[in-house]
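Number of protein chains: 2
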Amino acid sequence: MLSIDVQHTDGKARAGVLTTPHGQVQTPIFMPVGTAGSVKGVTPDQLSAAGSQMILANTYHMMLRPGGETVERLGGLHTMMGWDGQILTDSGGFQVFSLSHLRQIDDEKVVFQSHIDGSMEELTPRRCMEIQRQLGADVIMQLDECPPGDADHDHVARAVDRSILWAKKCKQAWGDEGRPDKQALFGIQQGGVFGDLRAASAEALVELDLPGYAIGGLSVGEGHEAMTLALDATDSLFPSDRPRYLMGVGEPRDILAAVLRGIDMFDCVMPTRNARNAFAFTWGGRLRLRNAKWKTDTLPLDENCTCYACRNFSRGTIRHLFMAKEMLAATLLTIHNLHFFADFMGAIRKSIEAGSLESDAQKWVSQMYA
Amino acid sequence: MLSIDVQHTDGKARAGVLTTPHGQVQTPIFMPVGTAGSVKGVTPDQLSAAGSQMILANTYHMMLRPGGETVERLGGLHTMMGWDGQILTDSGGFQVFSLSHLRQIDDEKVVFQSHIDGSMEELTPRRCMEIQRQLGADVIMQLDECPPGDADHDHVARAVDRSILWAKKCKQAWGDEGRPDKQALFGIQQGGVFGDLRAASAEALVELDLPGYAIGGLSVGEGHEAMTLALDATDSLFPSDRPRYLMGVGEPRDILAAVLRGIDMFDCVMPTRNARNAFAFTWGGRLRLRNAKWKTDTLPLDENCTCYACRNFSRGTIRHLFMAKEMLAATLLTIHNLHFFADFMGAIRKSIEAGSLESDAQKWVSQMYA
């Protein structure tokens, strides 16, 4: 069974240990995204060496290709991905609303067309639980409705109601399949930037007494300020003995703001996607490796970094590899960025233990976003 | 200084040890190709773990991008590639004739337009030696003229004469730069499928007393039979105390035929390019991983293979990764194919030691090309 043991607090910030069937990870934790059965550009060995301990995989992508049944026949996601660490799967809901061509939605189901081949697909709360059982992740998500960042109060209120209804149906299906000890189901809070809706959503979910709670519907264009305002009540809305997961975040500045408001878990494509676009994260800000100024630079991406890329390659070489369109370029920057995010989360934990996160966060933000 | 110590012979076949400034490798050896500063799809650690010991890099590609001067400022190819093993660079000649838009050729120089940006470039024997000094490989190649596989006797004869002239000029420039101990210069035999021209070319090169001899102008469409006929006299044409390198080969069947005729060294894009096109080499022949029959196959690519891909991934997963266009698919097959080629060369060496290469080669060919 999943549990979180909060060992240190610093204001609302929490440092702890999350336990799942695949072991323990320290929180706050950042999960790299393995959309289609692979964290893009790296092997599981490289992922592990870069310090990643828990990853997210996308139910939407895996249900469309190769399909939940095929994943199950291939031994489940852990076996397919060669990954013995922890895995969390999302519900597919977010991608149905953002990637697919949505055709119909009611309280029973969502019908959509695949972005891959245009095929008509259906997702119900029960089917969502079934597919996630086939995928076999340690943590699974309820099906939810995620309205766009600029949706009005009425629209968001309806999405909150439907998401609560689906949370109940998912919990029922999850219990029917007898998995409370094998896979931990998280509810997803919606409510956009509206405090009353965030509160109502959280209250209804907490009544369901789920193993963990996710905060959805943020990082969808509402901006840093609106996001932090929406997170301000997190600590008082959710019980302290359950993990809190902010979906789709992300940006180091946003992670810091969220940890300061009591969040334990994060996921985002940022380190991997930025890597493929030739951006390297460092404590001094982002480097754009395509920039001509790196052409003959013999220094590593970050002189203090101990990742494989920094130990073996110069900025000049990595720039060349990007210009020559070599796959190795993306692989090296992915390794570096994942290492940076693991390092960054480790520094946050140490800072919580030392009771200095508020001031450290200010310092780090001013260094990174100078 | 480069040397080859032939330790076992089996007919004309030789098993030995090649020594260069970066250590020793066992021969016959296969060199994967790192065209533009990277063996595509793998890190140097993965390359080494797959059993590769010596690689080829392309002078043509590196001179155009990032340029010899830049490579030198970045510490040379070994430093750039993070590769402490041996490196051989070709002369650029082959790509000038096959990839670029050739504009002019005479005994002094070849003028061509870059396939990357259309810029006008010039290569002389001296410039070829200078660029290869900047790249810093252990083994370097003379500039040569490589006529197409269907060129007639007159055309090939002129290319042989010019290549001999350029060999002399390259040797002079190489000596002028004082590198006989740091970089070993190989001459390149031309002559197409014409025995008299192959003999004349070899005789002139041997007179130059170079550290090693390459056989060029084969594997350019002449076919397996014509290639083996052209190689039949190799053993008698070149001194036994110098390594013999067949350029651009390749296909396991061709490697076997060439080893049986006294060849020590090979290079080819075959394992890496095939990997990116979803073909896996095995002792039982090639597998096409895009084939639907692998969809739910839980076996590794090859049940007897100990490579990273076979230890951690099923055919079904690798097929999925190809269908989903994940970079990891190419990386895993590249690791596997490089491991297969290293394994294959190891088996050839053992077979030479046992004195059974002729019969083993027949057996292997019948298994692989059933």
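So the sequences go chain by chain: D and G. Every position in the first sequence, counted from 1, becomes a number in the numbering used here once 93 is added. Every position in the second sequence, counted from 1, becomes a number in the numbering used here once 93 is added. Even for Gly, the Cβ is constructed at its ideal location relative to N, Cα and C. Computed from a predicted model, the values in this text were never measured in an experiment.
Quick one: is residue i buried, meaning 16 or more other Cβ sit within 10 Å of its Cβ, or exposed?
{"i": "P332 of chain D", "result": "exposed"}
{"i": "L549 of chain G", "result": "Not covered by the structure: residue 549 of chain G. The range shown for chain G is 94 to 463."}
{"i": "H246 of chain D", "result": "exposed"}
{"i": "M234 of chain D", "result": "buried"}
{"i": "G343 of chain D", "result": "buried"}
{"i": "M466 of chain G", "result": "Because chain G spans 94 through 463 in this model, residue 466 of chain G falls outside it and cannot be assessed."}
{"i": "R335 of chain D", "result": "buried"}
{"i": "A447 of chain G", "result": "exposed"}
{"i": "S256 of chain D", "result": "buried"}
{"i": "Q282 of chain D", "result": "buried"}
{"i": "L111 of chain G", "result": "buried"}
{"i": "A435 of chain D", "result": "buried"}
{"i": "H171 of chain G", "result": "buried"}
Output, in chain order, the set of chain D residues within a Cβ distance shorter than 7 Å of residue i.
{"i": "S407 of chain G", "result": "L167"}
{"i": "M173 of chain G", "result": "T410"}
{"i": "T424 of chain G", "result": "T136"}
For a contact meaning CB atoms closer than 7 Å, what does residue i contact in chain G?
{"i": "T182 of chain D", "result": "Those do not exist, as T182 of chain D stays about 16 Å from chain G at its closest Cβ, beyond 7 Å."}
{"i": "G134 of chain D", "result": "M420"}
Where does residue i fall in DSSP's three states?
{"i": "M416 of chain G", "result": "helix"}
{"i": "M147 of chain G", "result": "strand"}
{"i": "P364 of chain G", "result": "helix"}
{"i": "T389 of chain D", "result": "coil"}
{"i": "V118 of chain D", "result": "strand"}
{"i": "A371 of chain G", "result": "coil"}
{"i": "F287 of chain D", "result": "coil"}
{"i": "T429 of chain D", "result": "Checking the displayed sequence, the identity of residue 429 of chain D turns out to be His instead of Thr. Note: H429 of chain D maps to helix in three-state DSSP."}
{"i": "V232 of chain D", "result": "strand"}
{"i": "P174 of chain G", "result": "Per the sequence presented here, residue 174 of chain G reads as Met, with Pro not at that position. Three-state result, M174 of chain G: helix."}
{"i": "Y401 of chain D", "result": "helix"}
{"i": "I209 of chain G", "result": "coil"}
{"i": "G378 of chain G", "result": "strand"}
{"i": "L303 of chain D", "result": "coil"}
{"i": "L181 of chain D", "result": "strand"}
{"i": "R272 of chain G", "result": "coil"}
{"i": "V132 of chain D", "result": "coil"}
{"i": "L311 of chain D", "result": "coil"}
{"i": "E344 of chain D", "result": "coil"}
{"i": "L394 of chain D", "result": "coil"}
{"i": "E201 of chain D", "result": "coil"}
For the alpha helix (DSSP H) holding residue i, just list the boundary residues, first then last.
{"i": "Q100 of chain D", "result": "From DSSP, Q100 of chain D is part of no alpha helix (DSSP H) but of the beta strand (DSSP E) over 96-103."}
{"i": "P125 of chain G", "result": "No alpha helix (DSSP H) holds P125 of chain G; the beta strand (DSSP E) holding it covers 122-127."}
{"i": "T152 of chain G", "result": "152-157"}
{"i": "F187 of chain G", "result": "186-191"}
{"i": "E162 of chain D", "result": "161-166"}
{"i": "L258 of chain D", "result": "246-269"}
{"i": "A323 of chain G", "result": "317-324"}
{"i": "A277 of chain G", "result": "Note, A277 of chain G: premise wrong, no alpha helix (DSSP H); beta strand (DSSP E) at 277-282."}
{"i": "L140 of chain G", "result": "137-142"}
{"i": "L353 of chain G", "result": "First-last for L353 of chain G: undefined, no H or E at that position."}
{"i": "L330 of chain G", "result": "327-330"}
{"i": "L450 of chain G", "result": "450-461"}
Name, please, each residue of chain G whose Cβ falls closer than 9 Å to the Cβ of residue i.
{"i": "G280 of chain D", "result": "Within chain G, no residue comes near G280 of chain D; the closest Cβ sits about 29 Å away, beyond 9 Å."}
{"i": "G130 of chain D", "result": "T410, H413, L414, A417, E419, L421"}
{"i": "T391 of chain D", "result": "R166, L167, G168, T172"}
Which residues bound the beta strand (DSSP E) around residue i?
{"i": "M479 of chain D", "result": "With chain D represented from 94 up to 463, any question about residue 479 of chain D goes unanswered, as that position is not in the structure."}
{"i": "D108 of chain G", "result": "According to the sequence displayed, residue 108 of chain G carries Ala and not Asp. Note, A108 of chain G: beta strand (DSSP E), 106-113."}
{"i": "L195 of chain D", "result": "194-198"}
{"i": "L339 of chain D", "result": "337-339"}
List the residues of chain D whose Cβ lies closer than 8 Å to the Cβ of residue i, in chain order.
{"i": "K264 of chain G", "result": "Simply none; closest approach about 31 Å."}
{"i": "P137 of chain G", "result": "N405"}
{"i": "K388 of chain G", "result": "P159, T163"}
So residue i and residue j are supposed to be a Cβ contact under 8 Å. How far apart are they, rounded?
{"i": "L167 of chain G", "j": "I209 of chain G", "result": "Contact flag wrong, Cβ pair sits at about 19 Å."}
{"i": "F437 of chain G", "j": "L425 of chain G", "result": "F437 of chain G to L425 of chain G, Cβ: 18 Å. No contact."}
{"i": "S141 of chain G", "j": "G178 of chain G", "result": "7 Å"}
{"i": "I148 of chain D", "j": "W176 of chain D", "result": "7 Å"}
{"i": "A351 of chain G", "j": "L324 of chain G", "result": "6 Å"}
{"i": "L290 of chain G", "j": "V313 of chain G", "result": "In fact, because the Cβ distance is near 15 Å, the residues do not count as touching under 8 Å."}
{"i": "A43 of chain D", "j": "R381 of chain D", "result": "In this structure chain D extends from 94 to 463, so residue 43 of chain D is not present and cannot be described."}
{"i": "G284 of chain G", "j": "S294 of chain G", "result": "5 Å"}
{"i": "W259 of chain G", "j": "D231 of chain G", "result": "Not quite, the Cβ-Cβ distance comes to about 21 Å (not below 8 Å), so this is no contact."}
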